[in-house]
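Novice: With the sequence shown counted from 1, adding 10 to any position gets you my numbering.
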Amino acid sequence: MDYQNIIYSVSDGIGTITINRPKALNALNLATVTELKDVVEKIAVDPAVQVVVITGSGEKSFVAGADIVEMSTKNPTEGRAWGMVGQNVFTEIENLPQPVIAAINGFALGGGCELSCACDIRYASENAKFGQPEVGLGITPGFGGTQRLTRVVGRGYAKELIYTGGMIDAQEALRIGLVNKVVPQSELMDAVMKLAKTITKKAPVAVQLSKAAINRGINCDVVTGIAYEAEVFGLCFSTADQKEGMSAFVEKRKPAFTGK
Ligand code: CAA
């Protein structure tokens with residue numbers, strides 16, 4: 011598929027997706043979400059990609075939500091279907107085997123905030139603004155916001171953001187745990203790439219199984235989650251990278267992981 015609304019590149023094990031509709035502040039229309047789905051499904055089976063970064067084009071916006079113009083004429087059946095299209099892609103992002111980092115370079119509103127919450131780790135630039143403005147448009151958050159935002163920041167902050175439709179700045183997002191780090195805009199991609207590179211140096215299977223265990227545990231009871239952790243922990247001992255990682259420690263050298 012040729013991409014018109016996103017840019018995708020891979021370098022040194024890091025796949026970077028840039029949502030690229032700067033004139034509409036990178037709002038998500040059907041064409042963009044379709045391209046996002048295509049690239050995410052390719053990444054899921056690409057062993058060359060160890061970490062994924064998602065960002066927005068330009069200096070003003072990460073993603074300013076679902077495309078309001080495209081949504082404005084939908085009937086209930088179409089609205090439900092559109093919500094499920096976005097939900098499905100964001101769930102695919104959440105379930106990617108590789109860690110996904112959101113580099114939030116400006117507005118992360120509605121579907122943009124929801125996209126960031128489907129990522130594993132969020133770094134923001136100082137000018138970033140977050141919010142779920144949907145109730146001001148007569149709709150609820152529809153790409154997972156009522157569920158994932160609540161799990162990220164807790165129900166009190168999620169409800170305040172969703173009921174008021176208000177925006178918060180990057181420092182407030184940091185305070186409530188919506189983002190891990192805030193940096194000047196000119197340093198955002200360097201900070202995100204430094205984080206991504208650190209992860210690519212670790213044993214890839216162990217990183218992916220850690221993600222799988224954390225994600226599964228969030229959605230089940232602790233007894234089931236702990237049992238799953240024992241299974242993935244045991245599985246690690248079947249990898250060459252476990253032998254390499256522990257031998258390297260004993261031999262006081264840096265490990266050379268192969269992802270096997
Ligand atoms: N959909 C479609 N177009 C959008 C858009 C969106 N979500 N957000 C911005 N744009 C467009 C504007 O219409 C404008 O286009 P024109 O130049 O053709 O007029 C262009 O982007 C620039 O935007 P503004 O002129 O409005 O820029 P600003 O700096 O004055 O304001 C803003 C920035 C506060 C982000 C404002 O654009 C805004 O409020 N955008 C909408 C944010 C929003 O409500 N998002 C939630 C959408 S609903 C949703 O996401 C549902 C869901 O859960 C899936």
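Beta carbons: idealized from backbone N, C-alpha and C, even for Gly.
1. If I measure Cβ to Cβ from G146 and keep anything under 6 Å in the same chain, skipping five residues before and after, which residues do I get?
2. Do you know offhand how far E80's Cα is from I178's?
3. For the segment 124 to 142 and the segment 157 to 177, state whether three or more C-beta atom pairs, one from each stretch, are separated by less than 8 Å.
4. Are there 16 or more other CB atoms within 10 angstroms of the CB of R158, so buried, or fewer, so exposed?
5. Is the beta carbon of V63 sitting closer than 7 Å to the one on V193?
6. Just to confirm, is the Cβ distance from V99 to V43 under 7 Å?
7. Go ahead and label L245 buried or exposed: buried means 16 or more other beta carbons lie within 10 angstroms of its beta carbon, across all protein chains shown.
8. Have a look at I17 and E261 and give me their C-alpha separation to the nearest angstrom.
9. Could you give the distance in angstroms between the alpha-carbon of G11 and the alpha-carbon of G96?
10. Grouping DSSP H, G and I as helix and E and B as strand, with all else coil, what is A76?
11. The alpha helix (DSSP H) spanning D251 covers which residue range?
12. For a test of the three-state rule: what should DSSP assign to A237, helix, strand or coil?
13. Going straight from the alpha carbon of V215 to that of E45, what length do you get?
14. Excluding five sequence neighbours on each side, which residues of the same chain lie with their C-beta closer than 7 Å to the C-beta of C123?
15. Please list, in chain order, all residues of the same chain as T65 whose beta carbon is under 6 Å from its beta carbon, the five residues on each side excluded.
16. Could you give the distance in angstroms between the alpha-carbon of L125 and the alpha-carbon of A134?
17. So, for K84: in the same chain, excluding its five sequence neighbours on each side, which residues have a beta-carbon less than 7 Å away from its beta-carbon?
18. According to DSSP, simplified to helix, strand and coil, what is G155?
19. Give me the residue from A58, M199, Q14 and L171 with the minimum Cα distance to A72.
20. Report the partner residues of F140 according to the DSSP bridge assignment.
21. If we ignore side chains and look at the alpha-carbon of each, how far apart do R132 and S257 end up?
22. For I78, verify whether its CB is less than 6 Å away from any heavy atom of the ligand CAA.
23. Along the chain, where does the beta strand (DSSP E) that runs through I186 open and close?
24. From the DSSP output, in three-state form, read off S67 for me.
Specialist: Straight from the coordinates:
1. As a working mapping, residue 146 is identified with position 136 in the sequence shown. If we look at G146 and ignore the five residues flanking it on each side, its Cβ neighbours are G175.
2. Residue mapping note: residue 80 aligns to position 70 of the sequence shown, counting from 1. Residue mapping note: residue 178 aligns to position 168 of the sequence shown, counting from 1. E80 and I178: Cα-Cα distance of roughly 26 Å.
3. yes
4. If you number the sequence shown from 1, residue 158 lands on position 148. Answer is buried; the Cβ neighbour count reaches 16.
5. Residue numbering aside, residue 63 sits at position 53 when the sequence shown is read from its first letter. Residue numbering aside, residue 193 sits at position 183 when the sequence shown is read from its first letter. Not a contact, by the Cβ cut-off of 7 Å.
6. Working through the sequence shown from its first residue, we reach residue 99 at position 89. Working through the sequence shown from its first residue, we reach residue 43 at position 33. It is a contact, given that the beta carbons lie within the stated cut-off.
7. In the sequence shown, counting from the first residue as 1, residue 245 sits at position 235. The residue in question, L245, is exposed, as its Cβ has fewer than 16 Cβ neighbours within 10 Å.
8. Taking the sequence shown and counting its residues from 1, the one referred to as residue 17 is at position 7. Taking the sequence shown and counting its residues from 1, the one referred to as residue 261 is at position 251. When rounded, the distance between both Cα atoms is 43 Å.
9. Against the sequence shown, residue 11 aligns to sequence position 1. Against the sequence shown, residue 96 aligns to sequence position 86. For the record, residue 11 in the displayed sequence is Met; it is not Gly. Approximately 19 Å between the Cα atoms of the pair.
10. Numbered from 1 along the sequence shown, position 66 holds the residue referred to as residue 76. A76: strand per DSSP, three-state reduction.
11. As a first step, residue 251 must be located in the sequence shown, where it is residue number 241. Here the alpha helix (DSSP H) through D251 covers A250 to V260.
12. For this step, residue 237 is matched to residue 227 along the sequence shown. Note: A237 maps to helix in three-state DSSP.
13. In the sequence shown, the residue the question calls residue 215 occupies position 205. In the sequence shown, the residue the question calls residue 45 occupies position 35. Whole-angstrom Cα-Cα distance: 27 Å.
14. As a working note, residue 123 is residue 113 in the sequence shown. Same-chain partners within the cutoff: F140, G141, Q142, G155 and L159.
15. Sequence index remark: in the sequence shown, residue 65 carries index 55 (1-based). Same-chain partners within the cutoff: T28, A113 and N115.
16. Residue 125 sits at position 115 when you count from the first residue of the sequence shown. Residue 134 sits at position 124 when you count from the first residue of the sequence shown. Distance between the alpha carbons of L125 and A134 is about 13 Å.
17. Walking along the sequence shown from the start, residue 84 turns up at place 74. Cβ within range, chain order: W92.
18. For the purposes of this step, residue 155 is taken as the residue at position 145 of the sequence shown. Three-state result, G155: helix.
19. Position 62 of the sequence shown, counting from 1, holds the residue named residue 72. According to the sequence displayed, residue 72 carries Phe and not Ala. Selected option, being the one with the closest Cα: M199.
20. What you label residue 140 is simply residue 130 of the sequence shown in a count that begins at 1. A118 and I178.
21. Residue numbering aside, residue 132 sits at position 122 when the sequence shown is read from its first letter. Residue numbering aside, residue 257 sits at position 247 when the sequence shown is read from its first letter. Answer to the nearest angstrom: the Cα atoms are 34 Å apart.
22. Counted from its first residue, the sequence shown places residue 78 at position 68. True, at least one ligand heavy atom lies under 6 Å from that Cβ.
23. Position 176 of the sequence shown, counted from the start, is the residue given in the question as residue 186. It is not in any beta strand (DSSP E) - I186 carries neither H nor E in the DSSP assignment.
24. For the purposes of this step, residue 67 is identified with residue 57 of the sequence shown, where counting begins at 1. Three-state DSSP puts S67 in coil, outside helix and strand.
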